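> Residue numbers (my numbering): 3 to 767. One structure coming up, written as structure tokens, with questions to follow.
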């Protein structure tokens, strides 16, 4: 009786341990599965002998749980900030209450829609909820602000003002909802890993927007008619000072809009310059797939030279364990090590350490992030003699690769043999490790190991009445072991193997002790037809897309993006001699696919917005007036990414799409009102000026409310913070420029586009 496998051994914090890996089935909920597994293990723990204990050194659900908790906290912070912004402008508790009521109503409805589509409450849907907070109060704010304006300017009652207000802005509200939905709708149809992320954002935001406009057209007017009343503007105190400042702002804004219309050529020149700067900034923005998150885990892979014993591997493991438990004691919670196994392969010269870090609240500062600790571990533990060691963080998406960084497949083509391919791999690794854009580039396999080659003389074997199948079966059973059947031992099913005694398979000369039964039942020794020799060979043979391949892993160096690192690897691989080809796999493959989809996504979204507006207004001038605003918002998003050192990843692309929708929303509020003024007999210029002046307050209110709602994302820290920062920073930058610049350019765009389509000259106005 003995262990089925002696190739691997495990330790927890330096003490012997037995590890059990639990993997989720497709479609399972991570948090629910982890809870049920722990409950079941707790039942078994009560039956364990004294001296044994249960620990969870690697629990990926902890990151998920804390990420969800942080996003929920962000959700409440966003609601509070949005309410504060509304109260600042409305300066009335009743007026502020009306848009605030829309928040729980729409959120509850959105959760119902998510349940209908089979989505759970996760970090992605909660991200989208935070974005929706600012969007879903926009419609209600526009309604309340317009009702109050009519009550103040025309002296109507709340009921009469509400009826008139809804006649003025219902079209704009529907247009805004359709445009924002049109922006996010194409995301729902993208495939692959990127599509999974896009789809949850898309469905969540579209659901919230549709419910928001329904509330703004039904519940909000009813509340306005019931709750609003005439009140005098504040003239003293904080609100009095704010109102005086806002009055001066409106006057200055009106003069600048008039000046912009008079100097249209200069303004269009400035717009062309803005477009050029935006295009350059977007082109220079480094590409990536997903931001590297601090998931509270580090993995350390260590490999010794070929032929190294398990004792030497255990000594390296001890040094790795001691380093984390002493030098990184303040950051390390536990370290689980496995000798005999690594991502590169299994063997007595390989091992892995899985380091669980302390809670994010206990690891403040950039120096204590998982990425910083991994870099220190690679640098300091790399000095261990006769060991190749790399520390890495888990991939951003579980299942897409083994770690963060890139995964590159170098493949043979045109009949290239394995030895030639290995030489080209060594050449590529040497060049990659000299590049300033790359770091920790290594082959993801074990070094070639000493192997005992048994050469069988087929002619002699046949002459002796032996078949090759009998020879290999005997050799396999005697030296490797062969499974026979199962038996029951104390209620447990155990396996039966046959294998030669250890003293009969210890050295190559022991092969002579073994005989093979021939067809005539005669026993023939191996020495009669076989010889042995030592050689070096790979532990395993890897093929990718049917071709012999070597897998290479690495990371982008500090100051370089994953996209730039991948471009550099492609350039180096293309410089190799003929006989090789290459491909990306894992998360790198998804990044390549995502980068190709991004431009298509932007183009489709803008096209759908254009067609939606053209159908809604039965006009070509309105869509052009709105679409021309989009570069103004994209400029701010790109500048925000540059200032905060962000990459153009999937989450930032969500921010760009949101910016497209917000830019269009601001333009619609002005263009819709200007169109109505033209129908009433105003000239183009006067209609644009009147619309800009009237719509400035709701535009600024809704934009500031949205920025306030997204602000907690932009300043997030802790678990999953990098994703939130990418979305929040991009949206805030885009919203700022889409508001500050659009309020001056939209009136001009409306006038110029309208003149172009009507062939009307300024002198005819």
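Ideal Cβ positions, reconstructed from N, Cα and C, are used throughout, including at glycine. Fair warning: this is a prediction, and the values are worked out from it, not measured in the lab.
Using C-beta distances below 6 Å, list every residue in its chain close to residue 391, excluding the 5 sequence neighbours before and after it, in chain order.
Here residue 391 refers to the residue found at position 389 when the chain shown is read from its first residue. Contacts found: 304, 383 and 384.
> Taking the alpha carbon of residue 189 as the point to measure from, which residue in 500, 567, 195 and 200 has its own alpha carbon closest?
To locate residue 189, count along the chain shown from 1; it is residue 187. Minimum Cα distance to residue 189 is reached at 200.
> Leaving out five residues before and five after residue 320 in sequence, what residues of the same chain have Cβ atoms less than 8 Å from its Cβ?
Taking the chain shown and counting its residues from 1, the one referred to as residue 320 is at position 318. The answer, listed in chain order, is 16.
> Using a Cβ-Cβ distance under 7 Å, would residue 680 count as near chain B?
The structure shown has no chain B; it contains just one protein chain.
> Identify, in the order they occur along the chain, each residue of the same chain with its Cβ nearer than 7 Å to the Cβ of residue 654, setting aside the five sequence neighbours on each side.
The residue given as residue 654 occupies position 652 in the chain shown. The residues are 643, 648, 728 and 732.
> I need the boundaries of the alpha helix (DSSP H) containing residue 232, first residue and last residue.
Position 230 of the chain shown, counted from the start, is the residue given in the question as residue 232. Note, residue 232: premise wrong, no alpha helix (DSSP H); not H, not E.
> Considering only DSSP beta bridges, list what residue 343 is partnered with.
Position 341 of the chain shown, counted from the start, is the residue given in the question as residue 343. BP columns for residue 343 point to 348.
> Alpha carbon to alpha carbon, how far is residue 110 from residue 592?
Translated into positions along the chain shown, residue 110 becomes position 108. Translated into positions along the chain shown, residue 592 becomes position 590. Distance from the CA of residue 110 to the CA of residue 592, rounded to the nearest whole angstrom, comes to 34 Å.
> Could you please give the first and the last residue of the uninterrupted beta strand (DSSP E) stretch that includes residue 453?
In the chain shown, counting from the first residue as 1, residue 453 sits at position 451. Looking at the DSSP string, the run of the beta strand (DSSP E) that includes residue 453 is 451-458.
> Which value, in whole angstroms, describes the spacing of the CA atoms of residue 35 and residue 60?
Counting from 1 along the chain shown, the entry for residue 35 is found at position 33. Counting from 1 along the chain shown, the entry for residue 60 is found at position 58. If you take the alpha carbons of residue 35 and residue 60, they lie about 15 Å apart.
> From residue 605 to residue 277, what distance separates their C-alpha atoms?
As a first step, residue 605 must be located in the chain shown, where it is residue number 603. As a first step, residue 277 must be located in the chain shown, where it is residue number 275. Taking the straight line from one Cα to the other gives about 16 Å.
> Going by the CB atoms, is the gap between residue 510 and residue 517 shorter than 7 Å?
Locating residue 517 in the chain shown gives position 515, where the first residue counts as 1. Locating residue 510 in the chain shown gives position 508, where the first residue counts as 1. In this structure, residue 510 does not lie closer than 7 Å to residue 517 by Cβ.
> Mapping DSSP to helix, strand and coil, what is residue 765?
Here residue 765 refers to the residue found at position 763 of the chain shown. Confidence in residue 765 is poor, its pLDDT being 49 and thus under 50, which makes the residue's placement too unreliable to answer from.
> From which residue to which residue does the alpha helix (DSSP H) around residue 155 run?
Looking up residue 155 in the chain shown gives position 153. Segment 125-156, the alpha helix (DSSP H) holding residue 155.
> Hey, how far is the Cα of residue 587 from the Cα of residue 499?
Numbered from 1 along the chain shown, position 585 holds the residue referred to as residue 587. Numbered from 1 along the chain shown, position 497 holds the residue referred to as residue 499. Cα-Cα distance, rounded: 38 Å.
> Would you call the region 333-341 and the region 409-428 touching, i.e. three or more CB-CB distances under 8 Å?
no
> Quick check on residue 554: does DSSP put it in helix, strand or coil?
Looking up residue 554 in the chain shown gives position 552. Residue 554 sits in a strand when the DSSP states are folded into three classes.
> Please give the ranges of any beta strand (DSSP E) in the region 496-531, keeping only runs that are unbroken, at least 3 residues long and fully inside the region.
517-519 and 525-527
> What is the DSSP secondary structure of residue 301, counted as helix, strand or coil?
As a working mapping, residue 301 is identified with position 299 in the chain shown. Reduced to three states, the DSSP call for residue 301 is strand.
> Terminal residues of the continuous beta strand (DSSP E) containing residue 750?
Translated into positions along the chain shown, residue 750 becomes position 748. Run containing residue 750: none in the beta strand (DSSP E); it sits in the alpha helix (DSSP H), 744-760.
> Using CA atoms only, rank isn't needed, just tell me which of 536, 726, 397 and 719 is closest to residue 370.
As a working note, residue 370 is residue 368 in the chain shown. Considering only alpha carbons, the answer is 719.
> Just to confirm my understanding: we take residue 692, look at its own chain, exclude 5 residues before and 5 after, and list those with CB closer than 8 Å. What are they?
As a first step, residue 692 is located in the chain shown; it is residue number 690 there, counting from the start. Counting only Cβ-Cβ distances below 8 Å, and skipping sequence neighbours, we find 675, 676, 679 and 684.
> Determine the direct distance from the alpha carbon of residue 562 to that of residue 739, and round the result to whole angstroms.
Looking up residue 739 in the chain shown gives position 737. Looking up residue 562 in the chain shown gives position 560. Computed Cα separation, rounded: 27 Å.
> So residue 408 is in the alpha helix (DSSP H); what residue range does that whole segment cover?
On the chain shown, residue 408 is found 406 positions in, with the first residue counted as 1. Element bounds for residue 408: not the alpha helix (DSSP H) but the beta strand (DSSP E), 408-414.
> Measuring CA to CA, which of 27, 95 and 721 is closest to residue 366?
Start at 1 with the first residue of the chain shown, and residue 366 comes out as number 364. Selected option, being the one with the closest Cα: 721.
> If I follow the unbroken alpha helix (DSSP H) through residue 421, where does it start and stop?
Looking up residue 421 in the chain shown gives position 419. 420-434 is the extent of the alpha helix (DSSP H) around residue 421.
> Please report the Cβ distance between residue 379 and residue 302, rounded to the nearest whole angstrom; I am assuming they are in contact, meaning their Cβ atoms lie under 8 Å.
Taking the first residue of the chain shown as position 1, residue 379 is located at position 377. Taking the first residue of the chain shown as position 1, residue 302 is located at position 300. Between residue 302 and residue 379 the Cβ distance is about 6 Å, and since that is below 8 Å, they are a contact.
> Grouping DSSP H, G and I as helix and E and B as strand, with all else coil, what is residue 663?
Within the chain shown, residue 663 is the residue found at index 661, counting from 1. Of the three classes helix, strand and coil, the one that applies to residue 663 here is helix, per DSSP.
> Look at the alpha carbon of residue 513 and the alpha carbon of residue 581, and state the distance between them as a whole number of angstroms.
Position 511 of the chain shown, counted from the start, is the residue given in the question as residue 513. Position 579 of the chain shown, counted from the start, is the residue given in the question as residue 581. Straight-line Cα distance between these residues: approximately 40 Å.
> State the start and end residues of the unbroken beta strand (DSSP E) segment that holds residue 200.
Here residue 200 corresponds to residue number 198 of the chain shown, with the count starting at 1. Premise fails: residue 200 lies in the alpha helix (DSSP H), 194-219, not in any beta strand (DSSP E).
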